Structures are given as structure tokens and as C-alpha cells.
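Visitor:
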Amino acid sequence: MIMVQGEVSGKKYTEPFSKGVLARSLTRAEMDPNKAYTFASKIEAYLKKKKIDLITIDELVEIVFDKLKEEDKEIAEKYMLWRRIREHKEPLIILIGGASGVGTSSIAFEVANRLGIRNMISTDMIREVMRKIVSRDLLPSLYESSYTAYQSLRIPPPPELDEVLIGFRDHVDTVSVGVEAVIERALKEGISIVIEGVHIVPGFIREDLVNKENVAMFVLTVPDENIHKGRFYSRCRQTWARRPLKRYISYFWAIRRIHKYFEAQARKYNVPVIENIDVVTTIDSIIKSLTKTTVKGGKEVAEEIG
Ligand SMILES: Nc1ncnc2c1ncn2[C@@H]1O[C@H](COP(=O)(O)OP(=O)(O)O)[C@@H](O)[C@H]1O
Ligand SMILES: O=C(O)[C@@H](COP(=O)(O)O)OP(=O)(O)O
1 MIMVQGEVSG KKYTEPFSKG VLARSLTRAE MDPNKAYTFA SKIEAYLKKK KIDLITIDEL
61 VEIVFDKLKE EDKEIAEKYM LWRRIREHKE PLIILIGGAS GVGTSSIAFE VANRLGIRNM
121 ISTDMIREVM RKIVSRDLLP SLYESSYTAY QSLRIPPPPE LDEVLIGFRD HVDTVSVGVE
181 AVIERALKEG ISIVIEGVHI VPGFIREDLV NKENVAMFVL TVPDENIHKG RFYSRCRQTW
241 ARRPLKRYIS YFWAIRRIHK YFEAQARKYN VPVIENIDVV TTIDSIIKSL TKTTVKGGKE
301 VAEEIG
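Counting in my numbering, the sequence shown runs without a single skipped number right up to 306 at its last residue.
(1) When we look at the beta-carbon of residue 80 and count the other beta-carbons within 10 Å, is it buried (16 or more) or exposed?
(2) Could you say which of 101, 161 and 87 lies nearest to residue 226 if we only look at CA atoms?
(3) At what residues does the alpha helix (DSSP H) containing residue 226 begin and finish?
(4) Consult DSSP for residue 73 and reduce its assignment to one of helix, strand or coil.
(5) In three-state DSSP terms, what is residue 128?
(6) On the three-state DSSP scale, how would you describe residue 153?
(7) Closest to residue 177 by C-alpha separation, out of 152, 134 and 211, would be which residue?
(8) Select from 16, 129 and 94 the residue whose C-alpha is nearest the C-alpha of residue 213.
(9) Quick check on residue 251: does DSSP put it in helix, strand or coil?
(10) Note down, in chain order, each residue of its chain lying with its Cβ closer than 8 Å to the Cβ of residue 42, except the 5 sequence neighbours on either side.
(11) Going by DSSP, what residues sit across from residue 265 in a beta bridge?
(12) I'd like to know if the stretch 149-161 and the stretch 55-65 are in contact, where contact means that at least 3 CB-CB pairs between them fall below 8 Å.
(13) Taking only runs that begin and end inside the stretch 36-64, name each unbroken beta strand (DSSP E) of 3 or more residues, in chain order.
(14) How would you call residue 78, buried or exposed, if buried means at least 16 neighbouring beta carbons within 10 angstroms?
(15) By Cβ distance, which residues of its chain are closer than 6 Å to residue 299, with the 5 residues on each side in sequence left out?
(16) Anyone know if the C-beta pair for residue 259 and residue 76 falls short of 8 Å?
(17) Do you know how far the Cα of residue 53 is from the Cα of residue 290?
(18) Where does the unbroken alpha helix (DSSP H) through residue 93 begin, and where does it stop?
(19) Whether or not the stretch 246-261 and the stretch 163-175 are in contact is what I'm after, with contact meaning three or more pairs of Cβ atoms, one per stretch, closer than 8 Å; do they touch?
(20) May I ask you to check if the CB of residue 111 is nearer than 7 Å to at least one heavy atom of ligand 1?
(21) Between residue 104 and ligand 1, is there a pair consisting of the residue's CB and a ligand heavy atom that are separated by less than 7 Å?
(22) Can you tell me whether residue 119 is helix, strand or coil according to DSSP?
Rendered as C-alpha cells:
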């Protein structure tokens, strides 16, 4: 039997080589699952041929990387980039924001899954907990959706200001307190987490938190209005979805104003804006950006591959 030796927090452990585990890590780099399993079997055959019965993870990764380069350079590069991020010593806090319907929860799920991050929370859930603590009378906007918060403003804003955005800012400002608490707790406990939702807005979360090397924020957009609208139809078609399509469509005009505000805030605070048209391209952009900001090595991998 081939044993693989790894290390967690300075402690060594060994476990049997598993084609399934290796194949899973290759699918994270976009390799087709069937191809990934065949490739993992080839690696196993190679180790057997070389009569290797104990190998460290680093040595195994080297072999996988070399063989992958021969098969598919792009997948080899992705495999290495994902690994570099996963090996990051500090916990990773990934914040994904965007107007309702642009795909923050779908993308957060994919990113968490591929990076092996086990914690993910939506800001809607944080808001829901906060609703149990603060009364509607005290903070009426907390009880609204981001795009209807303007209806709860106690004092109507002057006509020259956009009331939708005034309401949105008020709503986000409150929920940001809960978002900050989750970030602080994750940093304290050393837990990696992906936090996603409409309340992740550049400029609203404390600078000392978002400026940390291991905290990364992204804003997703869908520039084409019709594609954006179509996402609500596709989401509401899913059988598990319990969210009323009619409501999103009738407030779509307000959601688009918020969408524009997200773009402006992202530009102002230098937060990467990623057009979420195609899932794979979106994930690739996030991963490239993460390697630039949180781990050195993205460039080295690209150079190694040539
Ligand atoms: N890149 C994409 N391509 C196609 N459909 C997408 C993409 N991203 C998200 N979707 C779909 O759009 C709908 C809205 O996405 P969701 O993640 O629920 O948005 P949000 O959490 O931002 O409101 C869902 O049905 C989802 O499957
Ligand atoms: O406040 C909002 O804009 C949405 C955000 O949810 P997503 O559409 O981003 O999932 O929550 P709602 O009140 O409609 O449940």
C-alpha cells in the first residue's frame, strides 16, 4: 500500500494514497471528473512502478504537477494556484458582495468548495439574527429587503437625493455591524470563511478589517439588465427556492440602482469588480486576484509553466 505523509500544525500524519482524494483536487482545477479519476489512477500506477510506498504530500504534488504539465498546462497552473491558496497559513476571509440576484451565493459556494473552506454565511442570515435582537420600531429598515429599505425611512430624504440609495445605505450600515462581528470572530479563532450577500458593500466594513492581508473583498456584477433579470427567473424555478419572483421583478428598477451603486463604491475603494457572466470565468478571476493579494506564488507558477 502507498502511504502519503502530510503535516498539520507541525504534526506529521500518514494516510493511504486515495485516487478519489487526488481526483477531487483535480476537479477543483476544472478537470473533468472522469478524466481526473483516470489521471489519479495513472499517478498510482507510476508510484507503484517506482516502488514508492511512502511519499510526502509535497513530493506527490511535484509529481502530479509534472505529469499535469504534459497533459494540460492550464489545469496544471490552476491546480498549483489553488494549492498555494489552500496552504496559506493565516485564515482566509473572503467577502463577496453584489446587488440581489447577481450570483453572490452561487459563487461563494463554489469558491468555498474549491478552497476547502468549510464555513460560509450569507449576510441575509446575519440580518435575520439581528432582527431577533432589535425591534422593528427601533430599526425599521432592518426588517426590509435591501431594495425596499427606502420605504421605511422615518424622515423622507430631500428630493435631490436618491431615496433608494439612502434606504439601502441605512440598511447596510446596520447589517455591517453583524458582518464585522463574524469577521472578527473568524480572525480570532483562525477560521477561514466566505461571507456573501448584498450587505458586503465597499466602504461599509471597518477599514482595519478589510485592509488585512488575509481579508479579500469582491463585488460581482451583471452588466446586462436582461441577463440579470433572467437570473431571478432561473433562481425561482429551482424547486427548493421559496422566494417570490414577482417581488424581485417589481423592484428590479431599485435593484439596478443598487447595482450601479455597488460599481461606484467598488471603484472608490479599489475593490475588484467581477462580471459574473460565466461561473468558471468568475471563479478564475477570484482565484487570480486572491493569489495576487494573499499569497505570493501565482507569478512563479505561471513562470514555471512558461
Ligand atoms: N455565472 C452564472 N451563470 C448562470 N447563472 C448563474 C450564474 N451565477 C448565478 N447564477 C444563477 O442566478 C441565480 C441567482 O444567483 P444567486 O447566487 O442566488 O444570487 P444572489 O445570491 O446574488 O442573489 C441562481 O439561479 C443561480 O444559479
Ligand atoms: O435584501 C435583499 O436584497 C435580499 C438579498 O438576498 P439575495 O437576493 O442577494 O439572495 O433579501 P430578501 O429580503 O429579498 O430576502
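The beta-carbon is built from N, C-alpha and C at its ideal position, and this holds for glycine as well. Quantities reported herein were computed from a predicted structural model and do not represent experimental measurements.
Guide: Concretely, from the data shown:
(1) Your numbering for residue 80 matches position 80 in the sequence shown. Per the 10 Å Cβ criterion, buried.
(2) Counting from one through the sequence shown, the residue named residue 226 turns up at place 226. Measuring from the Cα of residue 226, the nearest candidate turns out to be 101.
(3) Taking the first residue of the sequence shown as 1, we reach residue 226 at position 226. 225-237 is the span of the alpha helix (DSSP H), which, as asked, contains residue 226.
(4) For the purposes of this step, residue 73 is taken as residue 73 along the sequence shown, with counting starting at 1. Residue state, collapsed to three classes: helix.
(5) Here residue 128 refers to the residue found at position 128 of the sequence shown. Three-state result, residue 128: helix.
(6) Within the sequence shown, the letter at position 153 stands for residue 153. Coil.
(7) The residue given as residue 177 occupies position 177 in the sequence shown. Residue 134 is the option with its Cα nearest to residue 177.
(8) As a first step, residue 213 is located in the sequence shown; it is residue number 213 there, counting from the start. The candidate whose alpha carbon is nearest that of residue 213 is 94.
(9) Position 251 of the sequence shown, counting from 1, holds the residue named residue 251. It is coil, neither helix nor strand.
(10) Start at 1 with the first residue of the sequence shown, and residue 42 comes out as number 42. Result list for residue 42: 67, in chain order.
(11) In the sequence shown, counting from the first residue as 1, residue 265 sits at position 265. Paired residue(s): none; residue 265 is not in a bridge.
(12) no
(13) 54-56
(14) The residue you call residue 78 lines up with position 78 of the sequence shown. Counting Cβ neighbours within 10 Å, residue 78 comes out buried, since at least 16 surround it.
(15) Position 299 of the sequence shown, counted from the start, is the residue given in the question as residue 299. Residue confidence is low: residue 299 scores 48 on pLDDT, short of 50, so the model does not pin down where it sits. Its coordinate-derived value is still stated next. Within the same chain, residue 299 has no close Cβ partners at all.
(16) Counting from 1 along the sequence shown, the entry for residue 259 is found at position 259. Counting from 1 along the sequence shown, the entry for residue 76 is found at position 76. No. Outside cutoff.
(17) The residue you call residue 290 lines up with position 290 of the sequence shown. The residue you call residue 53 lines up with position 53 of the sequence shown. Rounded to whole angstroms, residue 290 to residue 53 spans 35 Å at the Cα level.
(18) Sequence index remark: in the sequence shown, residue 93 carries index 93 (1-based). First-last for residue 93: 93-97, but that is the beta strand (DSSP E), not the alpha helix (DSSP H).
(19) The stretch 246-261 and the stretch 163-175 touch, with three or more beta-carbon pairs separated by less than 8 Å.
(20) Here residue 111 is taken as the residue at index 111 of the sequence shown, counted from 1. Taking the Cβ of residue 111 as the reference point, every heavy atom of ligand 1 lies at 7 Å or farther away.
(21) Translated into positions along the sequence shown, residue 104 becomes position 104. Residue 104 Cβ: within cutoff of ligand 1.
(22) Position 119 of the sequence shown, counted from the start, is the residue given in the question as residue 119. Looking at residue 119 - three-state DSSP - the assignment turns out to be strand.
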